[in-house]
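Data first, discussion second: the structure below is written as structure tokens.
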Amino acid sequence: MNEINPVRRRALKALLAGSLLPALGPVGALAASDNGTGDAPRIGLALGSGGARGVAHVLVFELLEEMGLRPHRIAGTSIGAIMGSLYASGMSAKEVRGVMEALILDDEDNNWFEDLFNGSWTRWIEFIEPFGGKGGLLRSKAFVEHLAKATGVNSFEELKIPLKVVATDYWDRSQAVFEEGPLWPAIQASMAMPGLFHPVAHNGRVLVDGGLTNPVPYDLLLDDCDLVIAVNVLGTRQPDEDGKMDTPSYFDNSFNTFQIMQFSILQEKMRHQPPDFLVTPKIHDVRVMEFNRYQDILEQSRPAIESLREDLKARLAEG
Numbered sequence: 000m001n002e003i004n005p006v007r008r009r010a011l012k013a014l015l016a017g018s019l020l021p022a023l024g025p026v027g028a029l030a031a032s033d034n035g036t037g038d039a040p041r042i043g044l045a046l047g048s049g050g051a052r053g054v055a056h057v058l059v060f061e062l063l064e065e066m067g068l069r070p071h072r073i074a075g076t077s078i079g080a081i082m083g084s085l086y087a088s089g090m091s092a093k094e095v096r097g098v099m100e101a102l103i104l105d106d107e108d109n110n111w112f113e114d115l116f117n118g119s120w121t122r123w124i125e126f127i128e129p130f131g132g133k134g135g136l137l138r139s140k141a142f143v144e145h146l147a148k149a150t151g152v153n154s155f156e157e158l159k160i161p162l163k164v165v166a167t168d169y170w171d172r173s174q175a176v177f178e179e180g181p182l183w184p185a186i187q188a189s190m191a192m193p194g195l196f197h198p199v200a201h202n203g204r205v206l207v208d209g210g211l212t213n214p215v216p217y218d219l220l221l222d223d224c225d226l227v228i229a230v231n232v233l234g235t236r237q238p239d240e241d242g243k244m245d246t247p248s249y250f251d252n253s254f255n256t257f258q259i260m261q262f263s264i265l266q267e268k269m270r271h272q273p274p275d276f277l278v279t280p281k282i283h284d285v286r287v288m289e290f291n292r293y294q295d296i297l298e299q300s301r302p303a304i305e306s307l308r309e310d311l312k313a314r315l316a317e318g
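Next comes the structure, spelled out in structure tokens:
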């Protein structure tokens with residue numbers, strides 16, 4: 000973690016004051032944290048890409064609410080943009096969890112994402128792009144329409160918390176950041192993993208997954224926030240327990256290669272300017288589409304969330 004300057008130290012002290020007043024709720028706690036300065040701490044929350052592992056972002060929302068805190072701004076990429084849009088819409092952490100569970104689990108506790116790859120795809124036909132049409136196996140329009148219905152918002156301007164969504168311009172090979180106008184085309188673009196979802200045409204650009212250029216977009220928050228928390232859910236993959244190094248399947252090869260690239264991008268960013276806090280849950284051997292391991296992902300992530308709680312307090316105790 001990088002050294003903290005005096006301005007951010009004051010903000011952190013205000014942050015701790017707010018965390019000790021959960022009974023007041025998010026608004027009351029932040030108001031009480033002013034310490035007479037008139038400046039509540041501005042918390043930036045960056046939510047990274049990582050497929051199914053991104054459901055762990057809900058634990059960060061829950062922690063903030065337990066501490067009586069509310070982000071000043073959110074930035075998200077891919078699954079981070081999805082989760083960020085739900086929370087920025089004004090949903091509570093509990094409501095976000097409910098939306099994700101409704102999408103992930105059916106009445107028989109089965110995973111509809113998993114069904115797409117196990118042959119039980121006929122009941123999810125609206126999500127499938129036959130024969131990989133338009134550059135992807137799945138179409139995401141029905142998915143984002145479900146999110147729009149769940150949140151009741153359609154534009155960035157309707158969000159309760161300002162949100163930045165990261166996608167990648169396919170032809171310019173550059174980052175594309177959206178923070179105004181229609182919300183769901185930006186989300187759809189941010190999650191357009193090459194080979195899985197087809198590219199999205201929006202604002203005169205062809206867009207794909209934001210993880211190609213900025214997998215954990217904390218840098219978008221540094222200039223406008225007193226404290227930036229970045230959440231990296233890329234996780235790790237290892238050989239089988241018996242040490243076998245089998246050749247990966249088509250999907251494993253595609254997804255893991257994509258994540259190797261994202262890991263390298265994040266490491267390079269960290270060398271130049273790290274966030275105040277980097278939260279990296281130790282999520283082992285969870286594939287990109289293994290949403291059926293929802294509870295396992297949350298359990299593996301809890302220690303990192305508790306470490307974040309303790310790290311915040313420890314930084315305040317520094318002389």
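Its first residue numbered 0, the sequence shown is counted upward by one per residue in numbering that gives the first Met the number 0. The C-beta atom is built at its ideal place from N, Cα and C for all residues, glycine as well.
query                                                                                                                 : result
Member of 269, 286, 144, 72 whose CA lies at the smallest distance from the CA of residue 51                          : 286
Spatial neighbours of residue 74 in its chain, beta-carbon cut-off 6 Å, leaving aside the 5 residues before and after : 45, 163, 216, 219, 220
Alpha-carbon spacing of residue 104 relative to residue 94, whole angstroms                                           : 15 Å
Pick from 53, 42, 43 that is closest to residue 234, judged by C-alpha positions                                      : 53
Three CB pairs or more closer than 8 Å across the segment 222 to 231 and the segment 204 to 212                       : no
CB contact check: residue 177 to chain B, cutoff 9 Å                                                                  : The displayed structure is made up of one protein chain only, and chain B is not part of it.
Bridge-paired residues (DSSP) for residue 235                                                                         : 283
Beta-carbon separation (whole angstroms), residue 187 vs residue 199, contact threshold 8 Å                           : 5 Å
Per-residue burial, residue 129 [other beta carbons within 10 Å of its own, 16 or more giving buried]                 : Bear in mind that the predicted position of residue 129 carries a pLDDT of just 49, short of 50, making it unreliable; the figure below should be weighed with that in mind. Looking at its Cβ environment, which holds fewer than 16 other Cβ atoms inside 10 Å, residue 129 is exposed.
For residue 276 and residue 296, the rounded distance between their alpha carbons                                     : 21 Å
Distance CB(residue 261)-CB(residue 280) smaller than 9 Å                                                             : no
The segment 263 to 275 in contact with the segment 71 to 86 per 3-pair CB rule at 8 Å                                 : no
Cutoff 8 Å; reference residue 292; Cβ partners in own chain excluding five residues on either side                    : 51, 285
Residue range of the unbroken beta strand (DSSP E) whose run includes residue 327                                     : The chain is shown from 0 up to 318; residue 327 falls before or after that span and cannot be answered.
In DSSP terms, what residue 168 is bridged to                                                                         : 173, 206
Boundaries (first-last residue) of the alpha helix (DSSP H) holding residue 57                                        : 56 to 65
Under 9 Å between C-beta atoms of residue 194 and residue 76                                                          : no
Environment of residue 308 [buried if 16+ CB atoms lie within 10 Å]                                                   : exposed
Among 306, 211, 100, nearest to residue 192 - alpha-carbon criterion                                                  : 211
Spatial distance of residue 174 from residue 214 (CA atoms)                                                           : 10 Å
Three-state secondary structure assigned by DSSP to residue 227                                                       : strand
Spatial distance of residue 265 from residue 49 (CA atoms)                                                            : 12 Å
C-beta contact flag for residue 159 and residue 88 at 9 Å                                                             : yes
Range covered by the beta strand (DSSP E) that runs through residue 73                                                : 72 to 76
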